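Here is the structure we will look at.
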Amino acid sequence: MKYSFRLPPGNYRYTLKIFYGGELKEGENFYRYYVGGEVTWVDELDSNMANLTELNNIASELGYQTTEINYLYRSPTSGNLVKITADQHVTNMIEELPISRELELYIDGVREEEEPEEYPIILFWNCRGLNDAVKLMLRVLVSVHGPTIIFLIETRLSSAVIKELSSSLGFRNIRDSPTSRNVDDIDNCVGLAMLWKTKAKLHFLDKTSNYLDFIVNAGPNNEKWRLTGFYGHPKLKERSLEWLQNLSKNIDLPWLCFGDFNEILDHEEKRGGRKKANLKILAFKNVIKGCDLHDLPFKGRRFTWANNGIKERLDRGLVSSTWKDIFPSPGVFHCTDKTISDHLPIVIKTDGRKQKLRNIETLYAPMRRWRMCFHLLISWKMCIMIRNVSL
Numbered sequence: 001m002k003y004s005f006r007l008p009p010g011n012y013r014y015t016l017k018i019f020y021g022g023e024l025k026e027g028e029n030f031y032r033y034y035v036g037g038e039v040t041w042v043d044e045l046d047s048n049m050a051n052l053t054e055l056n057n058i059a060s061e062l063g064y065q066t067t068e069i070n071y072l073y074r075s076p077t078s079g080n081l082v083k084i085t086a087d088q089h090v091t092n093m094i095e096e097l098p099i100s101r102e103l104e105l106y107i108d109g110v111r112e113e114e115e116p117e118e119y120p121i122i123l124f125w126n127c128r129g130l131n132d133a134v135k136l137m138l139r140v141l142v143s144v145h146g147p148t149i150i151f152l153i154e155t156r157l158s159s160a161v162i163k164e165l166s167s168s169l170g171f172r173n174i175r176d177s178p179t180s181r182n183v184d185d186i187d188n189c190v191g192l193a194m195l196w197k198t199k200a201k202l203h204f205l206d207k208t209s210n211y212l213d214f215i216v217n218a219g220p221n222n223e224k225w226r227l228t229g230f231y232g233h234p235k236l237k238e239r240s241l242e243w244l245q246n247l248s249k250n251i252d253l254p255w256l257c258f259g260d261f262n263e264i265l266d267h268e269e270k271r272g273g274r275k276k277a278n279l280k281i282l283a284f285k286n287v288i289k290g291c292d293l294h295d296l297p298f299k300g301r302r303f304t305w306a307n308n309g310i311k312e313r314l315d316r317g318l319v320s321s322t323w324k325d326i327f328p329s330p331g332v333f334h335c336t337d338k339t340i341s342d343h344l345p346i347v348i349k350t351d352g353r354k355q356k357l358r359n360i361e362t363l364y365a366p367m368r369r370w371r372m373c374f375h376l377l378i379s380w381k382m383c384i385m386i387r388n389v390s391l
């Protein structure tokens with residue numbers, strides 16, 4: 001579907017963050033996505049588009065290297081994405097727009113008040129350190145799946161750096177739990193971080209090196225329930241299922257607990273390497289049963305972790321019976337088998353039914369009401385192929 005529109009006149013300051021992806025090609029099992037950027041400026045050009053020189057200056061102020069930026073637009077004749085040359089204006093970039101996954105508007109630096117989200121989407125990932133490649137992958141995952149809550153495991157970064165990353169992804173709220181002040185000590189500074197958008201109504205409860213614990217208000221009737229991001233340390237001496245048992249006794253609320261447990265529930269959840277001891281598997285099963293938790297079924301690759309020829313399903317979502325009463329149709333998706341970490345990113349949709357993507361008209365309608373003038377700056381830093389996971 002194509003979208004064309006004209007910009008109403010006016011002088012406004014705004015920030016527009018936009019991610020959008022191409023269409024699924026016939027006969028192929030992946031989507032093509034492009035990573036977008038964000039910019040803030042005071043429009044003094046009326047309804048004219050900024051030229052490339054101005055865009056380069058703005059990008060430079062934001063910390064982008066202009067040599068890394070490709071300006072692309074969709075050709076109105078061929079429908080293909082092509083590079084624009086120095087004598088072309090950004091007007092070409094909005095002649096045709098594909099469907100957009102993420103459009104966020106800020107006015108005078110203050111975000112428009114959002115309605116509470118009824119069915120949150122959660123992304124969690126043991127990313128094994130937040131290097132540049134992981135950060136770019138996160139941008140793609142946010143663009144593709146549209147999460148409102150992100151739980152990151154083994155961040156290995158300081159709180160200040162994680163806060164900066166959170167802001168760049170459009171997540172204004174953060175709680176993290178580094179395990180060491182020395183972020184260069186990889187073995188000890190694991191680090192957990194929960195990022196969420198304002199419309200995800202999270203209320204912080206507690207944090208340790210093994211979990212981040214919250215109360216959430218969300219659901220068909222704005223129900224109150226518990227959300228816990230959990231991490232079972234890979235070193236046995238650092239890992240204890242007592243954390244999970246103690247958590248279950250603290251608060252009697254519907255409960256969603258997810259993360260990297262570093263345990264399996266069945267021998268079928270491991271391939272290669274030494275066989276897991278039956279006592280360890282039984283202990284994990286008994287703890288889950290004692291907490292009235294149930295393993296959520298998933299779609300995608302069977303194993304969530306792979307290294308040195310060994311594969312295991314270490315990452316999962318667990319829910320109480322009362323939580324499933326609120327969200328009877330959740331969906332868990334193992335995102336892709338081609339990833340930077342040895343763990344897969346995982347998405348939990350509290351409503352597993354297919355959700356429609358938002359398009360440019362969603363944003364244009366309120367802008368017409370506010371009589372705003374706005375421009376689009378799209379700074380493309382990479383083009384990445386990622387498998388389609390039944391969104």
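Just so you know, we're using the UniProt record's numbering here: the sequence shown kicks off at 1 and counts up by one.
By construction, the Cβ of each residue, glycine as well, lies at the ideal position given by its N, Cα and C atoms.
Everything numeric in this text was worked out from a predicted model, so none of it was measured.
With contacts defined as CB atoms closer than 8 Å, N126 and D315 qualify as a contacting pair. When only Cα atoms are considered, C257 and L212 end up about 10 Å apart. When DSSP states are grouped into helix, strand and coil, F151 belongs to the strand group. Distance from the CA of V140 to the CA of R172, rounded to the nearest whole angstrom, comes to 18 Å.
Taking the Cα positions, T304 is about 8 Å away from D342. One Cα belongs to S320, the other to D260, and the distance between them is close to 18 Å. Look at the beta carbons and you see the region 262-275 not touching the region 328-336: under three pairs across the two are nearer than 8 Å.
Counting C-beta pairs closer than 8 Å gives fewer than three between the region 213-225 and the region 157-173, which falls short of the contact rule.
Under the 8 Å Cβ criterion, the region 196-204 counts as touching the region 143-155, having at least three qualifying pairs. With contacts defined as CB atoms closer than 8 Å, T208 and S177 qualify as a contacting pair. If you look at L256, you'll find it isn't in any alpha helix (DSSP H); it sits in the beta strand (DSSP E) that goes 255-260. In the DSSP assignment, N246 falls outside any beta strand (DSSP E) and within the unbroken alpha helix (DSSP H) covering 242-250. Less than 8 Å divides the Cβ of Y231 from the Cβ of N210. Counting other Cβ atoms within 10 Å of its Cβ, G170 reaches 16 or more and is therefore classed as buried. The residues C127, I340, in chain order, have a CB closer than 6 Å to that of V134 in the same chain once the five nearest residues on each side in sequence are set aside. Under the DSSP assignment, E312 falls in the beta strand (DSSP E) whose first and last residues are 310-312. Its Cα nearest to that of Y119, the residue K324 stands out among L344, P345, K324. When beta bridges are read from the DSSP output, N217 appears opposite K224. About 6 Å separates the CB atoms of T350 and P330; that is less than 8 Å, so the two are in contact. Secondary structure at R316: strand, using DSSP grouped into helix, strand and coil. Taking the CA atoms as reference points, V161 sits about 15 Å from L136. With a cutoff of 8 Å on beta-carbon distance, K275 and H267 are scored as near each other. DSSP, read as helix, strand or coil, puts R175 in strand.
It is roughly 6 Å from the alpha-carbon of L253 to the alpha-carbon of R226. Apart from sequence neighbours up to five positions away, the residues of its chain that approach I326 with a beta-carbon distance below 7 Å are G219, E223, W225, P254, ordered along the chain. Between G309 and I348, the C-beta spacing is not below 8 Å. If you look at V134, you'll find it in the alpha helix (DSSP H) that goes 132-145.
P297 counts as exposed, since fewer than 16 other C-beta atoms from the protein chains shown sit within 10 angstroms of its C-beta.
CA-CA distance, R302 to L192, rounds to 25 Å.
As a beta-bridge residue in DSSP terms, I348 pairs with I122, V332. The beta carbons of L344 and V287 sit no closer together than 8 Å.
In this structure, the straight-line span from the alpha carbon of A283 to that of R156 is close to 30 Å.
Note on F214: 16 or more other CB atoms within 10 angstroms of its CB, so buried under the neighbour-count rule. With respect to the 8 Å criterion, E269 and E242 are not classified as neighbours on the basis of their beta carbons. With distances taken between CA atoms, I174 lies nearest to G229 out of G229, G300, G352, S248. CA-to-CA, the gap between V142 and I122 works out to about 10 Å.
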